[in-house]
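This report concerns only the one structure given below.
Residue numbers (my numbering): 1170 to 1257.
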């Protein structure tokens, strides 16, 4: 029984670590969004450059998710509902 609890505890610890990482990333992304807005407002000619940076970032992020999902045969975005994300 204690082995089961150890395994469950290890899983809980990993979930907590993942949650903390996502929280940190969310904070950094909010700062990037706010900085993007400031840059675009102060320098409209920089708008295209900020678009390219966002495209590069999102391409790398989703490309890596796709790559790792294929390698592990575990689709990380499977079950993620766009409706629940409330994107638009």
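Cβ coordinates follow ideal geometry from the N, Cα and C atoms, glycine included. Here the structure is a predicted model, which is why all the values come from computation and not from measurement.
{"Asked": "Among residues of its own chain, excluding the 5 on either side of residue 1205, which ones have a beta-carbon nearer than 6 Å to its beta-carbon?", "Found": "1219"}
{"Asked": "Report back the beta-carbon spacing between residue 1238 and residue 1245 to the nearest angstrom; my notes put them in contact at under 8 Å.", "Found": "5 Å"}
{"Asked": "Taking the straight line between their C-alpha atoms, what separation do you get for residue 1224 and residue 1210?", "Found": "19 Å"}
{"Asked": "Which residues in the same chain as residue 1236 place their Cβ atom closer than 7 Å to its Cβ, once the five residues preceding and following it in sequence are excluded?", "Found": "none"}
{"Asked": "State yes or no: is the C-beta of residue 1195 within less than 9 Å of the C-beta of residue 1226?", "Found": "no"}
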